[in-house]
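Trainee: Numbering (the UniProt record's numbering), first residue to last: 1 to 478. Positions of the beta carbon are idealized from the N, C-alpha and C atoms, including for glycine.
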Amino acid sequence: MTTFVDRVELHVAAGNGGHGCASVHREKFKPLGGPDGGNGGRGGDVILTVDQSVTTLLDYHHSPHRKATNGKPGEGGNRSGKDGTDLVLPVPDGTVVLDKQGNVLADLVGQGTTYIAAQGGRGGLGNAALASARRKAPGFALLGEPGQSGDVILELKTVADVALVGYPSAGKSSLISVLSAAKPKIADYPFTTLVPNLGVVTAGSTVYTIADVPGLIPGASRGKGLGLEFLRHVERCSVLVHVLDTATLESDRDPVSDLDVIEAELAAYGGLEDRPRLVVLNKIDIPDGKDLADLIRPELEERGYQIFEVSAVARTGLKELSYALAGIVAEARAAKPKEEATRIVIRPKAVDDAGFTVTPEADGLFRVRGEKPERWVRQTDFNNDEAVGYLADRLNRLGVEEALVKAGARAGDGVAIGPEDDAVVFDWEPSVTAGAEMLGRRGEDHRFEAPRPAAQRRRDRQAEHDDADQEYDEFRPF
């Protein structure tokens with residue numbers, strides 16, 4: 001059974017915003033109480049946050065679909081809907097968020113670092129918020145916006161100071177088990193280590209982490225063996241330690257050729273050229289291993305490598321190795337720039353930026369793209385004529401109709417607002433040139449102007465009562 005996962009595809013969906021409410025206040029002895037529809041609640045966000053107690057992406061491998069809750073719709077009596085609950089997903093330290101094309105969206109390093117993977121939709125305004133001096137009693141409300149949804153790739157790149165690299169069965173797991181308190185699985189067959197192991201080493205006043213990366217073989221950078229899957233775990237390490245087996249039983253291998261093969265794979269993977277390297281000649285407790293180590297040491301020193309002869313079984317040479325690694329790690333940490341507080345940069349949009357574009361397309365279609373018009377279309381209830389009129393007013397005030405005229409649009413041409421796969425298409429009737437705005441005030445609620453049966457009956461009864469009083473006054477005796 002899989003117990004470690006370092007790459008998953010996550011399907012996230014934020015919550016939808018709640019719809020606004022169209023309501024009229026009704027209370028005894030208070031006719032025409034006015035609109036009192038509340039606003040809809042905001043949809044919940046999907047948030048990735050670093051939690052150092054989490055070490056794997058296994059949970060998201062088993063359940064990759066995650067969705068936040070929706071906002072509640074507004075209610076009458078000026079009661080706004082409840083906001084949706086944010087969905088917080090804990091991820092390991094060192095998780096990289098990518099899109100489907102492989103572009104890096106966020107690099108989550110450090111406890112508490114967060115990234116909003118999907119943002120919840122806005123809640124729609126109720127008719128109380130839409131009321132104005134021109135439109136005193138709106139008979140409509142705005143719809144809640146749908147939350148963002150999509151797929152993101154999560155890749156775990158282990159955050160460690162030292163990476164042990166080498167062929168399978170070179171003794172990396174044994175070495176990390178004696179240098180730290182880690183207890184990885186140890187056996188004498190290839191690919192014993194299937195997941196990276198982390199250990200904490202204390203050398204003097206320096207405390208650093210060391211990672212045992214699963215064994216590399218020729219072709220690892222092209223996906224052969226386990227190499228490509230775990231090469232990413234060496235990217236964040238400050239020091240690379242080549243663990244060479246000086247007592248290998250394979251006749252076609254020797255420590256120098258093993259080093260050349262691993263270096264070739266690291267070079268093919270890329271991005272690791274500037275990391276300092278150390279060479280550990282392991283298994284010198286075996287007589288043949290000690291002889292081979294003495295034989296190849298001068299050649300490796302000529303290449304500029306710092307050499308350490310160790311035995312994980314006899315526990316020899318470990319102290320010198322741990323202190324040498326601590327010194328390199330301390331230098332790397334001192335060379336890093338000091339972390340500064342994140343600067344908040346505000347980039348306001350230009351004052352004269354209308355925020356939309358009009359593009360002529362084939363077959364006489366004109367496409368309108370922009371944050372405001374697309375959001376307004378999503379918020380419009382097209383089953384309500386008054387809501388459609390309100391949308392037309394907003395687009396007209398934004399300058400969409402004027403831009404359509406400049407682009408060559410004529411009455412009856414098709415206008416699409418939004419992207420190709422999710423657009424609202426309608427036949428354009430220019431209100432600016434046709435004088436439609438002179439026919440009446442768009443958006444008025446004529447329900448309050450039309451005669452109502454109950455009110456009419458009260459007026460009729462009052463008229464009958466007034467007529468009876470008048471007849472009595474005219475014919476009563478003096």
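From the DSSP output, which residues share a beta bridge with D107?
Mentor: In the DSSP output, where bridge partners are listed per residue, D107 has V96.
Trainee: Looking at residue 480: is its Cβ nearer than 8 Å to the Cβ of T85?
Mentor: Here the chain covers residues 1 to 478 and nothing more, so residue 480 does not appear.
Trainee: Can you tell me where the beta strand (DSSP E) holding N282 begins and where it ends?
Mentor: It spans 277–282 - the beta strand (DSSP E) in which N282 sits, taken as one unbroken run.
Trainee: Quick check on the burial criterion: 16 or more other C-beta atoms within 10 angstroms. Buried or exposed for T202?
Mentor: Flag for T202 reads exposed.
Trainee: Would you grab the beta carbon distance between A324 and Q306 for me? Rounded to a whole angstrom, and I think it's under 8 Å.
Mentor: With a Cβ gap of about 7 Å, A324 and Q306 count as contacting.
Trainee: Given 8 Å as the limit, is there contact between the segment 6–26 and the segment 57–69, that is, 3 or more CB pairs closer than that?
Mentor: Because the criterion of three Cβ pairs below 8 Å is met, the segment 6–26 and the segment 57–69 touch.
Trainee: Indicate the three-state DSSP secondary structure (helix, strand or coil) for S53 in the structure shown.
Mentor: Three-state DSSP puts S53 in coil, outside helix and strand.
Trainee: How many angstroms separate the CA atom of S311 from the CA atom of R297?
Mentor: Approximately 16 Å, taken between the alpha carbons.
Trainee: I'd like the span of the beta strand (DSSP E) that includes E27, first residue to last.
Mentor: Unbroken run through E27: none, as it is neither H nor E.
Trainee: Compute the Euclidean distance between the alpha carbons of L175 and G150, then round it to the nearest angstrom.
Mentor: Going by the C-alpha atoms only, they are around 43 Å apart.
Trainee: Along the chain, where does the beta strand (DSSP E) that runs through K157 open and close?
Mentor: Taken as a continuous stretch (DSSP letters only), K157 belongs to no beta strand (DSSP E), as it is neither H nor E.
Trainee: Quick check: what's the CA-CA separation for R26 versus G123?
Mentor: Approximately 24 Å, taken between the alpha carbons.
Trainee: On the three-state DSSP scale, how would you describe D161?
Mentor: Note: D161 maps to coil in three-state DSSP.
Trainee: Pull up the CB-CB distance for G166 and G43, whole angstroms please, since I reckon it's below 8 Å.
Mentor: The pair is not a contact, with the Cβ atoms about 50 Å apart (cut-off 8 Å).
Trainee: Is L391 a contact residue of the ligand GDP, with contact defined as CB to any heavy atom under 7 Å?
Mentor: What this structure holds is no ligand at all, so the ligand GDP is not there to describe.
Trainee: On the criterion of 16 or more Cβ atoms from any shown chain inside 10 Å, does N197 qualify as buried, or is it exposed?
Mentor: N197 should be labelled buried.
Trainee: Tell me whether S177 is buried or exposed, calling it buried when 16 or more other Cβ atoms sit within 10 Å of its Cβ.
Mentor: With 16 or more Cβ atoms within 10 Å of its Cβ, S177 is classed as buried.
Trainee: By how many angstroms is the C-alpha of R315 removed from the C-alpha of L321?
Mentor: Taking the straight line from one Cα to the other gives about 11 Å.
Trainee: State the start and end residues of the unbroken alpha helix (DSSP H) segment that holds G327.
Mentor: 318–335 is the span of the alpha helix (DSSP H), which, as asked, contains G327.
Trainee: Would the segment 128–145 and the segment 100–118 be scored as touching if the rule is three or more Cβ pairs under 8 Å?
Mentor: No: fewer than three Cβ pairs fall under 8 Å.
Trainee: Just to confirm the assignment, what range does the alpha helix (DSSP H) spanning V310 have?
Mentor: No alpha helix (DSSP H) contains V310, which DSSP labels as neither H nor E.
Trainee: Label H242 either buried or exposed according to how many other C-beta atoms from any shown protein chain fall within 10 Å of its C-beta, with 16 as the threshold for buried.
Mentor: By the 10 Å Cβ count, H242 comes out buried.
Trainee: Could you give the DSSP three-state label for H11: helix, strand or coil?
Mentor: Strand.
Trainee: Identify which residue in A211, G71, N39, P92 has its Cα closest to the Cα of D59.
Mentor: Ranking the options by Cα distance to D59, first place goes to P92.
Trainee: If C237 sits next to A267, beta carbons under 8 Å apart, how far is it from one beta carbon to the other, in whole angstroms?
Mentor: Not a contact, Cβ separation roughly 16 Å.
Trainee: Is N16 helix, strand or coil by DSSP?
Mentor: Here N16 sits in coil by DSSP.
Trainee: What first and last residue would you give for the beta strand (DSSP E) that runs through P138?
Mentor: Element bounds for P138: n/a, residue is neither H nor E.
Trainee: Taking 8 Å as the cut-off, does the segment 356–369 touch the segment 403–421 (at least 3 CB pairs, one atom from each stretch)?
Mentor: The segment 403–421, when compared against the segment 356–369, does touch it at the 8 Å Cβ threshold.
Trainee: Identify the residues that DSSP records as bridge partners of A362: which are they?
Mentor: BP columns for A362 are empty, so no partner.
Trainee: DSSP has F356 in a bridge; who is on the other side?
Mentor: Bridge partners of F356: G370.
Trainee: Between which two residues does the beta strand (DSSP E) containing G289 stretch?
Mentor: Not the beta strand (DSSP E): G289 falls in the alpha helix (DSSP H), residues 287–302.
Trainee: Is it buried or exposed, S257, if we count other Cβ atoms within 10 angstroms and call 16 or more buried?
Mentor: With fewer than 16 Cβ atoms within 10 Å of its Cβ, S257 is classed as exposed.
Trainee: Below 8 Å on the Cβ atoms is my guess for G144 versus G40; work out the distance and round it to an integer in Å.
Mentor: Their Cβ separation, rounded to whole angstroms, is 5 Å, which keeps G144 and G40 in contact under 8 Å.
Trainee: Alpha carbon to alpha carbon, how far is L292 from L281? Give it in angstroms, no decimals.
Mentor: In a straight line, the C-alpha of L281 is about 9 Å away from that of L292.
Trainee: Just tell me which of A332, C21, A141 has its CA closest to the CA of E75.
Mentor: Residue C21 is the option with its Cα nearest to E75.
Trainee: Sort out for me which residues DSSP pairs S149 with in a bridge.
Mentor: The partner list for S149 (beta bridge, DSSP) reads A13.
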